[in-house]
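Colleague: Under numbering that gives the first Met the number 0, the first residue of the sequence shown carries the number 0, and numbering increases by one thereafter.
Each residue gets a CB set at the ideal place from its N, CA and C atoms; glycine is no exception.
Model, not experiment: these values are computed from the prediction.
Here's a structure for you.
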Amino acid sequence: MKFVIIGGDAAGLSAASRAKRKMAELNVTVLEKTADVSYSACGMPYNIADPERDIEDLVVRRAEVFREKQGIDLLTGHCVDRIDVRGKIVSGTMQDGSAFQFPYDRLLIATGASAIVPDLPGFDLPGVFALKSLAQGRAIKHHLSSHTVKSVVIIGMGYIAFEMCESLRNLGYAVEMVKPRADVLPWLEASLSEVVQQEVTERGVCLYPGCRVERIEGSQGRLRVCCNDKTLSGEMVLVATGITPNSEFAGKAGITTGVGGAIAVDRKLQTSVDHIYAAGDCADAYHVVTGEKTWIPLALRANRAGWAVADNVCGGNVELEGVAGTAVFRVFDLEVAKTGLNEKEAASSGFDPAAVTIRTRSRAHAHPGNSTIHVHLVGDKGSGRLLGAQMVGRDGCAHRINAAAVALQSHMSVAQFSQSDLAYAPPFGPTWDPLLTAANQLLKKL
0 MKFVIIGGDA
10 AGLSAASRAK
20 RKMAELNVTV
30 LEKTADVSYS
40 ACGMPYNIAD
50 PERDIEDLVV
60 RRAEVFREKQ
70 GIDLLTGHCV
80 DRIDVRGKIV
90 SGTMQDGSAF
100 QFPYDRLLIA
110 TGASAIVPDL
120 PGFDLPGVFA
130 LKSLAQGRAI
140 KHHLSSHTVK
150 SVVIIGMGYI
160 AFEMCESLRN
170 LGYAVEMVKP
180 RADVLPWLEA
190 SLSEVVQQEV
200 TERGVCLYPG
210 CRVERIEGSQ
220 GRLRVCCNDK
230 TLSGEMVLVA
240 TGITPNSEFA
250 GKAGITTGVG
260 GAIAVDRKLQ
270 TSVDHIYAAG
280 DCADAYHVVT
290 GEKTWIPLAL
300 RANRAGWAVA
310 DNVCGGNVEL
320 EGVAGTAVFR
330 VFDLEVAKTG
340 LNEKEAASSG
350 FDPAAVTIRT
360 RSRAHAHPGN
370 STIHVHLVGD
380 KGSGRLLGAQ
390 MVGRDGCAHR
400 INAAAVALQS
410 HMSVAQFSQS
420 DLAYAPPFGP
430 TWDPLLTAAN
440 QLLKKL
C-alpha cells in the first residue's frame, strides 16, 4: 500500500513515523515543498531573542534521519499543486521546475497554515517580514544581524506578536504595535486584557489599537507604516496578523472545506473524499464544549491527529474527541492562558453564560514568590456546566490552566470542578487553589 503525505512538519511526519512503526512494509512518501522539516515553529521568537543561538537548533529531527533510520521516502523541494482524486495521483513541481507525479492508495494532506500578509502597498518591501515558517525565522534573524535596526513596528497583537515584542525589547529595540481592532486581546476578559496591556506598556512598548494600516512606504533605509490616523516608522516591520490554512488546492480537488477555510474532517480525520485524510493546521476539528466544528491550529492537535491518521491507515479505528482550544503564551513576566469558551462565544453557541473574575494570590499567604493571579471562569446557567477558563499572572497560570482543560474534556459541571482534589503546598498555591476559589464564586451566580 502506498501512503503519500503532503507536508513535512508536525502532523505529516508524526503520521509517517507512526505508520512505519506500526507497519514496516508500508510504502510511505512525504512531499515537502520547502527544505525544512520537523522543526519547532513555536520556539522561533525565543531563538530570535538569542543572537548566539543558531536557528537550526529548532530542527527536531533532520531529513536524513527519517530517510535512513525510518525508511521514509522524504522528498523536500516538492510542491504539490494538484490532486487527481479519481486517478489517485498527486502532482506538482520540484524546485528546478521539473514536474512530478505520485500515485497513492491513502493520502494525508498536512500542509499546515501560512501567515496572513495583507494585500496592501508596501508589504513586499525589504525589511517587512512575517513569521510562520523556519525560512521566515531564518530571514528575520539574518536581517537583525546584518542591518542596523533600532526600532521595529509590529502589525498585530496576537500570540506571536506579543512573544516577538518581548524578544525584540529584550534585545534593546524600540517596539511599537498597531492593529485595526480597538480591543488589544478581544478573546480575553477585559480586566485581564488590561493587565497584559499594562505589563507591555510598562516595558516601553507603544500600543496603538484601533488604527487601520493602509500601506508601508520605504525611505532612506527606514519603513513608514501609514495608518488612517498616524504614521509609525522603524527599520523593520513584523506582520503578525494571523494565519490561514493551506487548503486552496484541496478545495480545487473537490475536497470540502469548512470553518475558517480549513479542510473539513470527521473524527477519524477523513475528508469528504474516500482514502484522503487531513491533519494539522490545515484541518478543522470538533470543539469538546460545543460539539461543533472549529478551527484552532495548535501543535498538540497536529501531532495527535497525525498519529490518529497513521493508526487508521494501518487498519485501526481511531476517533479523536476534539479540542478545547487550550493555549498559553508569555509576554515579559506574564503568563496568559485560556481554555474553552469566553462569554461571547458561549452565548453565540446557545448557552446561557454566567461568569466570574477573581483576583487572588498564586501561592500560600506570605510565601516567597507570591504574586497576583487573575482567574476568569465561565459556566452555563441552564446545565451548570463549566464552559471556559482564562488566567493571567506572573506565577502558576501555564500549568494550572490544564486542570480546567481536563474538566472541559470531561464535561464537568462547575459544582463537580469545585470539588476537585487539587494538590496543595505553600510554594505552589494557597489551600484553596485559585481555580477552586473562582469555581466557588461562579456557583453563586449559577
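By the 10 Å Cβ neighbour count, where 16 or more other Cβ atoms means buried, how is S409 classified, buried or exposed?
Modeller: As a working mapping, residue 409 is identified with position 410 in the sequence shown. Exposed.
Colleague: Taking only three categories from DSSP, how would you classify I372?
Modeller: Your numbering for residue 372 matches position 373 in the sequence shown. I372: strand per DSSP, three-state reduction.
Colleague: Between the stretch 118-132 and the stretch 215-228, do at least 3 Cβ pairs fall closer than 8 Å?
Modeller: Yes: the two stretches touch, three or more of their Cβ pairs being nearer than 8 Å.
Colleague: Report yes or no: do the stretch 163-172 and the stretch 39-54 share at least 3 C-beta pairs separated by less than 8 Å?
Modeller: Touching, yes.
Colleague: Is H77 near the ligand MG, with its Cβ less than 7 Å from a heavy atom?
Modeller: This structure simply doesn't include the ligand MG, nor any ligand for that matter.
Colleague: In terms of residue numbering, what span does the alpha helix (DSSP H) encompassing I5 cover?
Modeller: Taking the first residue of the sequence shown as position 1, residue 5 is located at position 6. Where I5 is concerned, there is no enclosing alpha helix (DSSP H), although the beta strand (DSSP E) it sits in stretches over K1 to I5.
Colleague: Can you list, in chain order, the residues of its chain with a C-beta nearer than 6 Å to that of A277? Leave out the 5 residues immediately preceding and following it.
Modeller: The count along the sequence shown starts at 1 and reaches residue 277 at position 278. Result list for A277: I108, I262, V264 and T270, in chain order.
Colleague: In angstroms with no decimal places, state the Cα-to-Cα distance between P296 and V322.
Modeller: Within the sequence shown, the letter at position 297 stands for residue 296. Within the sequence shown, the letter at position 323 stands for residue 322. Roughly 10 Å between the two C-alpha positions.
Colleague: Taking just the CA atoms, how far does V84 sit from I275?
Modeller: Counting from 1 along the sequence shown, the entry for residue 275 is found at position 276. Counting from 1 along the sequence shown, the entry for residue 84 is found at position 85. The straight-line gap from Cα to Cα measures roughly 9 Å.
Colleague: Can you say whether A446 is buried or exposed, counting buried as having 16 or more other CB atoms within 10 angstroms of its CB?
Modeller: Because residue 446 is not part of the residues shown, which for the chain are 0 to 445, the question remains open.
Colleague: On the DSSP bridge list, what partners appear for V258?
Modeller: For this step, residue 258 is matched to residue 259 along the sequence shown. BP columns for V258 are empty, so no partner.
Colleague: Is the stretch 352-359 touching the stretch 327-335 in the sense that three or more CB pairs, one from each, lie closer than 8 Å?
Modeller: No: the two stretches stay apart, fewer than three of their Cβ pairs being nearer than 8 Å.
Colleague: For M176, count neighbouring C-beta atoms within 10 Å of its own C-beta (all shown protein chains included) and say buried if the count is 16 or more, exposed if not.
Modeller: Mapped onto the sequence shown, residue 176 falls at position 177. Counting Cβ neighbours within 10 Å, M176 comes out buried, since at least 16 surround it.
Colleague: In three-state terms, what does DSSP make of C78?
Modeller: Sequence index remark: in the sequence shown, residue 78 carries index 79 (1-based). It is a strand residue.
Colleague: Which value, in whole angstroms, describes the spacing of the CA atoms of N245 and V258?
Modeller: Translated into the one-based positions of the sequence shown, residue 245 becomes position 246. Translated into the one-based positions of the sequence shown, residue 258 becomes position 259. Rounded to the nearest angstrom, the two C-alpha atoms are 13 Å apart.
Colleague: Going by the DSSP bridge assignment, what does M446 pair with across the sheet?
Modeller: No answer is possible for residue 446: it lies beyond the span of the chain, which begins at 0 and ends at 445.
Colleague: Which two residues bound the contiguous alpha helix (DSSP H) that contains Q476?
Modeller: Outside the modelled stretch of the chain, which goes from 0 to 445, sits residue 476, for which no answer is possible.
Colleague: Could you tell me which uninterrupted beta strand (DSSP E) segments, each at least 3 residues in length, are contained entirely in the stretch 163-222, listed from first to last along the chain?
Modeller: The qualifying runs are 173-178, 205-208 and 212-218.
Colleague: Quick check: the Cα distance between K87 and I115, rounded to an integer number of angstroms?
Modeller: Along the sequence shown, read from residue 1 onward, the residue named residue 87 stands at position 88. Along the sequence shown, read from residue 1 onward, the residue named residue 115 stands at position 116. Taking the straight line from one Cα to the other gives about 31 Å.
Colleague: Tell me whether the beta-carbon of G428 lies closer than 8 Å to the beta-carbon of L386.
Modeller: If you number the sequence shown from 1, residue 428 lands on position 429. If you number the sequence shown from 1, residue 386 lands on position 387. Result no, Cβ atoms of G428 and L386 do not sit closer than 8 Å.
Colleague: Compare the beta carbon distance of D104 and F248 with 8 Å and say whether it is the shorter of the two.
Modeller: Your numbering for residue 104 matches position 105 in the sequence shown. Your numbering for residue 248 matches position 249 in the sequence shown. Taking 8 Å as the Cβ cut-off, D104 and F248 do not qualify as a contacting pair.
Colleague: Whose CA, out of M235, L231 and G260, lies closest to the CA of L143?
Modeller: Taking the first residue of the sequence shown as position 1, residue 143 is located at position 144. The shortest Cα separation from L143 among M235, L231 and G260 belongs to M235.
Colleague: Classify S190: buried if its beta carbon has 16 or more other beta carbons within 10 angstroms, exposed otherwise.
Modeller: In the sequence shown, counting from the first residue as 1, residue 190 sits at position 191. Flag for S190 reads exposed.
Colleague: Just the Cα atoms here: how many angstroms apart are T230 and G42?
Modeller: Taking the first residue of the sequence shown as 1, we reach residue 230 at position 231. Taking the first residue of the sequence shown as 1, we reach residue 42 at position 43. Cα to Cα, the separation comes out at about 31 Å.
Colleague: Pull up the DSSP beta-bridge partners for E344, would you.
Modeller: Against the sequence shown, residue 344 aligns to sequence position 345. DSSP, once it has assigned bridges, lists no residue as partnering E344.
Colleague: Could you check whether L435 and L421 sit closer than 8 Å to each other, using their CB atoms as the reference points?
Modeller: In the sequence shown, counting from the first residue as 1, residue 421 sits at position 422. In the sequence shown, counting from the first residue as 1, residue 435 sits at position 436. In contact: L421 and L435 (Cβ atoms closer than 8 Å).
Colleague: Select from G157, H375, D228 and Y38 the residue whose C-alpha is nearest the C-alpha of Y134.
Modeller: Position 135 of the sequence shown, counted from the start, is the residue given in the question as residue 134. First, the amino acid is wrong: residue 134 is Ala here, not Tyr. Of the candidates G157, H375, D228 and Y38, the one whose C-alpha sits nearest the C-alpha of A134 is Y38.
Colleague: Rounded to the nearest angstrom, what separates L394 and G324 at their Cα positions?
Modeller: In the sequence shown, residue 394 corresponds to position 395, counting from 1. In the sequence shown, residue 324 corresponds to position 325, counting from 1. The question names Leu, but residue 394 is Asp in the sequence shown. Roughly 21 Å separates the two Cα atoms.
Colleague: Assuming F65 contacts A15 under a Cβ cut-off of 8 Å, what Cβ separation, rounded to an integer in Å, is found between them?
Modeller: Taking the sequence shown and counting its residues from 1, the one referred to as residue 65 is at position 66. Taking the sequence shown and counting its residues from 1, the one referred to as residue 15 is at position 16. Confirmed, about 7 Å.
Colleague: Can you check DSSP and say which residues form a bridge with C225?
Modeller: As a first step, residue 225 is located in the sequence shown; it is residue number 226 there, counting from the start. In the DSSP output, where bridge partners are listed per residue, C225 has R214 and T230.
Colleague: Mapping DSSP to helix, strand and coil, what is A27?
Modeller: Here residue 27 is taken as the residue at index 28 of the sequence shown, counted from 1. Note that residue 27 corresponds to Val in the displayed sequence, not to Ala. V27 falls in the strand class under three-state DSSP.
Colleague: From this set, N369, K444, I154 and Q69, which residue's C-alpha is nearest S232's C-alpha?
Modeller: Along the sequence shown, read from residue 1 onward, the residue named residue 232 stands at position 233. For S232, the nearest C-alpha among the options comes from I154.
Colleague: In the DSSP assignment, the alpha helix (DSSP H) including M235 goes from what residue to what residue?
Modeller: Start at 1 with the first residue of the sequence shown, and residue 235 comes out as number 236. Element bounds for M235: not the alpha helix (DSSP H) but the beta strand (DSSP E), M235 to V238.
Colleague: Flag this pair as yes or no: are the beta carbons of V327 and A397 separated by less than 8 Å?
Modeller: Position 328 of the sequence shown, counted from the start, is the residue given in the question as residue 327. Position 398 of the sequence shown, counted from the start, is the residue given in the question as residue 397. Against a cut-off of 8 Å, the Cβ pair of A397 and V327 comes out as a contact.
Colleague: By how many angstroms is the C-alpha of A402 removed from the C-alpha of S382?
Modeller: Numbered from its first residue, the sequence shown carries residue 382 at position 383. Numbered from its first residue, the sequence shown carries residue 402 at position 403. Each residue's Cα considered, the two are about 20 Å apart.
Colleague: Suppose the cutoff is 6 Å on Cβ atoms and the five residues either side in sequence are ignored; what does the same chain contact list for L106 look like?
Modeller: Within the sequence shown, residue 106 is the residue found at index 107, counting from 1. Only V3 and I275 meet the Cβ criterion.
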